[in-house]
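Novice: With my numbering applied, the sequence shown covers 662 to 1499.
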Amino acid sequence: MTETQVDTAAQDGDRYDVHAVQEKWLPVWDELAPFRSGRPDDPRPTKYILDMFPYPSGDLHMGHAEAYALGDVVARYWVQRGFNVMHPIGWDAFGLPAENAAITRGLDPRGWTYDNIAQQRASMRRYACSFDWDRVLQTCDPEYYKWNQWLFLRLFENGLAYRKPSSVNWCPKDQTVLANEQVVDGHCERCGTAVTKKKLTQWYFKITEYADRLLDDMNQLRGAWPDKVLTMQRNWIGRSSGADVVFEIEGRVEPVTIYTTRPDTLYGATFFVVAADSDLAAELAAEASPSVRDAFGAYLDQVKATTEIDRLSSERPKTGVFLERYAINPVNGERLPVYAADYVLADYGHGAIMAVPAHDQRDLDFAKQFDLPVRTVVSVLGDDGAPLPDPAETFEATAGDGVLVNSGPLDGMTKAEGIAAIIAQLAGDGLGKAATNYRLRDWLISRQRYWGTPIPIIHCDTCGEVAVPDDQLPVELPPAEGLDLKPKGQSPLAAASDWVNVDCPTCGGPAMRDTDTMDTFVDSSWYFLRYISPDATDVPFDKAEVQRWMPVAQYVGGVTHAILHLLYARFFTKVLYDLGMVPVVEPFARLLNQGMVLMGGSAMSKSKGNLVRLSEQLAEHGVDAVRLTMAFAGPPEDDIDWADVSPHGSARFLSRAWRLSGDVTSSPGVDFSTGDVALRRVTHRTLHESAQLIEGFKFNVAIAKVMELVNVTRKAIDSGVGGADPAVREAVEAVAVVLSLVAPYTAEEMWARLGHQPAVALAGWPAVDESLLVEESVTCVVQVAGKVRDRLEVAPGISEDELREKALASDAVKAALGDKGIRTVIVRAPKLVNVVPG
């Protein structure tokens, strides 16, 4: 529609009916589709703005209201600035919440999920989000997860997807494995159940292959991503430099390699520890005496029931079992007793450590518990310059740097010198080498649940792991009907015999499909690329279009995904770059994190009785008032306490702004330059400063500037300038354009009352006259003894001497001083003078 006729008389007098305005403009916007970004001939420069897509667990809530209000400000702003903005939306639709909800209700997860998507989509439309509704996806659609499987196979072909047996995180409630990143303080991040360990054969993505690039490429993101997120990822990857050191175990043919960041302290090792849940501990225990085997078995059961957080706690008493074996220190030949203990993790380094109790507090606590020797090998000086006391006497480890002692040829060396020397010695003897270690582990993607992307692998007794041919994708989920979806430790898909049993694509013999499904974070690791070509049937995304749109210029979402989704998306992008499929190594050029919406200082929940329903707030205050409140509450990254904000106040302000549009009597297109100069200055300063503030994510300050412009315009009208003055129209049009970012219904209604056709979202940011930004005068406050006595209008560039002279010549200042002398005059040109009496 090119000429949309709209009734501009929907409002009577000064009464602003927010709900009537919402009903009026929604169908108009549906017809206009002002945010469609798909035209290839669009001459505007492109900009990709993206919100983290929601999980369809029900209707939109207050957290969604904040996130999408803030993302919408950014998207609408760049449209106003003349960009072809792609702002898509979709649903992260697979996963445990939908499956668990469906099980509870006796439903198929499909129906539950799609019903929730329909509800959220309707709410997003009502919330006036500036989405391009031609670019929509649901990750549970076979048309989407076909490409999950296709990408999995590309990783599989390149050795980046593999299957292995290992000890994994296991959620007893959800009966599925979890990646390390999905364990929060030892508990399942979905249901909160304490996580245990279980031995399973699972699929992994080799994210560790990209650890260095994930770290080093953060240099590209400095200043564009929050420092907090970069620090969290840096710590999670946990790169450290040290050495791999080879220890012989008496009676064992194969030596054991340990990793240490302090190889210079090897002479201080007095015992050796292996992770209790490691294969090495089980092997050594199996060869020990019956009493040790029994003790180890009981201890292992205890360890499996303990979370990693508890195991690593420095305050927890140290426990372990002596395995009746000795390791040989490669630098001095000493026999070190070998213990199985829980404070060493099987997946850190090589699952074993040399224990240097004098300089590691956990080792020292263990040594104290088991009466093991403590030998100081680093002389560490205290703040007073004297050597710290012997840890064997104080039981306080000295972990700082110092001079090496009791270390044979290393005596007298510094830490750096000692590390270099011992690594050279070990390398020369074939007993060690310099090494880098990472906290990051490969990404475990297998899930023993139904509602997810089937893994496209067929298991054949003859051919092994066989990839499903590309032309047989997608491997669709079988119907849930007839399957028991309840968590039971094995994927429900195993019971779908007609689906599981297939012919091997290679040899034609009997084979079986893999019955695990993929972690839902696989879905979200590349969805931003699918938005670019949502309807493509022959490729996951069009490379030429990716070249046109990527990287995402602005990503908006919660900080909770810092080491999950954001890390995985960066990994996927680098893999796709190496495969020649995308031109960028980082997916998101800028990142904005929003805070949480609280109530009375706590997260909202039914059990706490502090739940605020978005639908009720929208019904009471209207969409614009809620959106405005979210943007005005404070900096985006701060939490919002709904008890402390005022949607009523937002609604009153919007009504005042709307009334201004009814007071304008000049015609559209009038020459603004003939209008009141003072009002024009405020208008242009507002536009100039608001643009800077919005680009700096200071949305609340930008809104305050618009509120000030509304007040100034009202005063100008009421004080005699009148609604016919062109400056009044200019000011009110500016208010409408800026308000369109946060209050689109009100802005569109104002725009129509001002005589314009919709949509105000495409009006364009008004040009700023630089000459009107130059202040002809500023108000200088003059104080005597800290009390305001006068205000002077002075030139912005006035000198301190001239300003002092003007202030002292003020009659009001002279009267306030009386007979008192002047001790000093403090001048802060051009805005303040403070006269201090003698």
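Idealized CB from N, CA, C, for every residue including glycine. Values in this document were obtained by computation on a predicted structure and should not be read as measured data.
#1: Rank A681, Y677 and Y716 by C-alpha distance to the C-alpha of P1218 and give the top, closest one.
#2: Using only the alpha-carbon positions, how far apart do E804 and G1091 sit?
#3: Label D1164 either buried or exposed according to how many other C-beta atoms from any shown protein chain fall within 10 Å of its C-beta, with 16 as the threshold for buried.
#4: Do you know whose CA, among P1034, V1064, V1005 and P1052, lies nearest V1046's CA?
#5: I think F714 touches S791, with their Cβ atoms under 8 Å apart; what is that distance to the nearest whole Å?
#6: Within 10 angstroms of the Cβ of Q1030, are there 16 or more other Cβ atoms? Answer buried if so, exposed if not.
#7: Would you mind sorting A783 into buried or exposed? The rule is 16 or more other CB atoms within 10 Å of its CB.
#8: DSSP on N1254, reduced to helix/strand/coil?
#9: Would you kindly work out how many angstroms separate the C-alpha atoms of V1371 and R1465, rounded to a whole number?
#10: Return the first residue and the last residue of the alpha helix (DSSP H) that S828 is part of.
#11: In the DSSP output, what is H848 paired with across the bridge?
#12: Out of R1484, S1158 and D1196, point me to the one whose CA is closest to P1139's CA.
#13: DSSP three-state call for G1113: helix, strand or coil?
#14: Out of G981, S975 and V999, which has the shortest C-alpha to C-alpha gap to D962?
#15: Around the Cβ of T1037, are there at least 16 other Cβ atoms within 10 angstroms (buried) or fewer (exposed)?
#16: For A1141 and V1220, I'd like the C-alpha separation in whole angstroms.
#17: Identify the continuous beta strand (DSSP E) that holds M1242 and give its terminal residues.
#18: Could you give the residue range of the alpha helix (DSSP H) that holds M785?
#19: Could you tell me whether the Cβ atoms of D1305 and P1405 are closer together than 9 Å?
#20: Contact between the region 692 to 707 and the region 745 to 756 is defined here as three or more beta-carbon pairs at a separation below 8 Å; is this criterion met?
#21: Taking the CB atoms as reference points, tell me whether T921 and M1015 lie closer together than 9 Å.
#22: Go ahead and label D673 buried or exposed: buried means 16 or more other beta carbons lie within 10 angstroms of its beta carbon, across all protein chains shown.
#23: Output the distance between the C-alpha atoms of A1081 and G1113, rounded to the nearest integer angstrom.
#24: With DSSP collapsed to three states, give me the class of M1260.
#25: On the CB-based measure, 16 or more other CB atoms within 10 Å of its CB, does K825 come out buried or exposed?
#26: Using a threshold of 9 Å, state whether the C-beta atoms of E1437 and A1456 are closer than that.
#27: Which full runs of the alpha helix (DSSP H) of 4+ residues lie inside the region 1456 to 1487, going along the chain?
#28: V1284 by DSSP, collapsed to three states: which one?
#29: Starting from Y920, follow its DSSP beta bridges and name the residues at the other end.
#30: Looking at the unbroken alpha helix (DSSP H) that takes in F813, where does it start and where does it end?
#31: With a cut-off of 8 Å, do at least 3 Cβ pairs link the region 997 to 1017 to the region 926 to 938?
#32: Are the beta-carbon atoms belonging to L1340 and D1386 less than 9 Å from one another?
#33: If you draw a straight line from the C-alpha of V917 to the C-alpha of F908, how long is it?
#34: Quick one: what's N745 bridged to in DSSP?
#35: Among residues of its own chain, excluding the 5 on either side of A1473, which ones have a beta-carbon nearer than 6 Å to its beta-carbon?
#36: Leaving out five residues before and five after F1333 in sequence, what residues of the same chain have Cβ atoms less than 8 Å from its Cβ?
Specialist: Let me lay it out:
#1: The residue given as residue 1218 occupies position 557 in the sequence shown. First, the amino acid is wrong: residue 1218 is Gly here, not Pro. The shortest C-alpha separation from G1218 is found at Y716.
#2: One-based indexing of the sequence shown puts residue 804 at position 143. One-based indexing of the sequence shown puts residue 1091 at position 430. For the pair E804 and G1091, the Cα-to-Cα distance works out to about 54 Å.
#3: Within the sequence shown, the letter at position 503 stands for residue 1164. Under this definition D1164 is an exposed residue.
#4: Position 385 of the sequence shown, counted from the start, is the residue given in the question as residue 1046. Per the sequence presented here, residue 1046 reads as Gly, with Val not at that position. Closest option to G1046, Cα to Cα, is V1064.
#5: Counted from its first residue, the sequence shown places residue 714 at position 53. Counted from its first residue, the sequence shown places residue 791 at position 130. Actually they are not in contact, since the Cβ atoms of F714 and S791 sit about 15 Å apart, beyond 8 Å.
#6: Position 369 of the sequence shown, counted from the first residue, corresponds to residue 1030. Counting the other CB atoms within 10 Å of its CB gives Q1030 a total below 16, which places it among the exposed residues.
#7: Position 122 of the sequence shown, counting from 1, holds the residue named residue 783. The residue is exposed, with fewer than 16 neighbouring Cβ atoms inside 10 Å.
#8: What you label residue 1254 is simply residue 593 of the sequence shown in a count that begins at 1. If DSSP states are grouped into helix, strand and coil, N1254 belongs with the strands.
#9: What you label residue 1371 is simply residue 710 of the sequence shown in a count that begins at 1. What you label residue 1465 is simply residue 804 of the sequence shown in a count that begins at 1. One C-alpha to the other measures close to 35 Å.
#10: For the purposes of this step, residue 828 is taken as the residue at position 167 of the sequence shown. From DSSP, S828 is part of no alpha helix (DSSP H) but of the beta strand (DSSP E) over A822 to C832.
#11: In the sequence shown, the residue the question calls residue 848 occupies position 187. Looking at the DSSP assignment, H848 forms a beta bridge with V845 and A855.
#12: Locating residue 1139 in the sequence shown gives position 478, where the first residue counts as 1. The option with the nearest alpha carbon to P1139 is S1158.
#13: Looking up residue 1113 in the sequence shown gives position 452. Coil, per DSSP.
#14: Within the sequence shown, the letter at position 301 stands for residue 962. D962 has its Cα closest to that of G981, out of G981, S975 and V999.
#15: What you label residue 1037 is simply residue 376 of the sequence shown in a count that begins at 1. By the neighbour-count rule (16 or more Cβ atoms within 10 Å), T1037 is buried.
#16: Against the sequence shown, residue 1141 aligns to sequence position 480. Against the sequence shown, residue 1220 aligns to sequence position 559. Straight-line measurement puts the Cα of V1220 at about 34 Å from the Cα of A1141.
#17: The sequence position of residue 1242 within the sequence shown is 581, counting from 1. According to the DSSP assignment, M1242 belongs to no beta strand (DSSP E), since it is labelled neither H nor E.
#18: Your numbering for residue 785 matches position 124 in the sequence shown. Its alpha helix (DSSP H) spans residues P770 to R787.
#19: Position 644 of the sequence shown, counting from 1, holds the residue named residue 1305. Position 744 of the sequence shown, counting from 1, holds the residue named residue 1405. Remark: C-beta atoms of D1305 and P1405 do not approach each other more closely than 9 Å.
#20: Touching, yes.
#21: Translated into positions along the sequence shown, residue 921 becomes position 260. Translated into positions along the sequence shown, residue 1015 becomes position 354. In this structure, the beta-carbon distance from T921 to M1015 falls below 9 Å.
#22: Stepping through the sequence shown from its first residue, residue 673 is reached at position 12. Any reading at D673 must be qualified, since the residue scores a pLDDT of 46, below 50, and its modelled position is unreliable; no value is offered.
#23: Sequence index remark: in the sequence shown, residue 1081 carries index 420 (1-based). Sequence index remark: in the sequence shown, residue 1113 carries index 452 (1-based). Rounded to the nearest angstrom, the two C-alpha atoms are 50 Å apart.
#24: Numbered from its first residue, the sequence shown carries residue 1260 at position 599. Assignment of M1260 by DSSP, reduced to helix, strand and coil, places it in the strand class.
#25: The sequence position of residue 825 within the sequence shown is 164, counting from 1. K825 is exposed by the Cβ-count criterion.
#26: Numbered from its first residue, the sequence shown carries residue 1437 at position 776. Numbered from its first residue, the sequence shown carries residue 1456 at position 795. Taking 9 Å as the cut-off, the beta carbon of E1437 is found closer than this to the beta carbon of A1456.
#27: The alpha helix (DSSP H) runs of length 4 or more contained entirely in the region 1456 to 1487 are, from start to end of the chain, 1461 to 1469 and 1472 to 1478.
#28: In the sequence shown, counting from the first residue as 1, residue 1284 sits at position 623. In this structure, V1284 counts as helix in the three-state DSSP scheme.
#29: Along the sequence shown, one-based indexing puts residue 920 at 259. DSSP, once it has assigned bridges, lists D905 as partnering Y920.
#30: By one-based count along the sequence shown, residue 813 stands at place 152. Run containing F813: P803 to E818, per the alpha helix (DSSP H) assignment.
#31: The region 997 to 1017 is in contact with the region 926 to 938.
#32: As a first step, residue 1340 must be located in the sequence shown, where it is residue number 679. As a first step, residue 1386 must be located in the sequence shown, where it is residue number 725. Inclusion of L1340 and D1386 in the CB contact set at 9 Å is warranted, their separation being smaller than that value.
#33: Sequence index remark: in the sequence shown, residue 917 carries index 256 (1-based). Sequence index remark: in the sequence shown, residue 908 carries index 247 (1-based). Approximately 5 Å between the Cα atoms of the pair.
#34: For this step, residue 745 is matched to residue 84 along the sequence shown. N745 is bridged to T707.
#35: As a first step, residue 1473 is located in the sequence shown; it is residue number 812 there, counting from the start. Closer than 6 Å at Cβ, skipping near neighbours: R1450 and D1451.
#36: Within the sequence shown, residue 1333 is the residue found at index 672, counting from 1. In its chain, beyond the 5 residues on either side, R1341, P1387, A1388, R1390 and E1391 have a beta carbon closer than 8 Å to the beta carbon of F1333.
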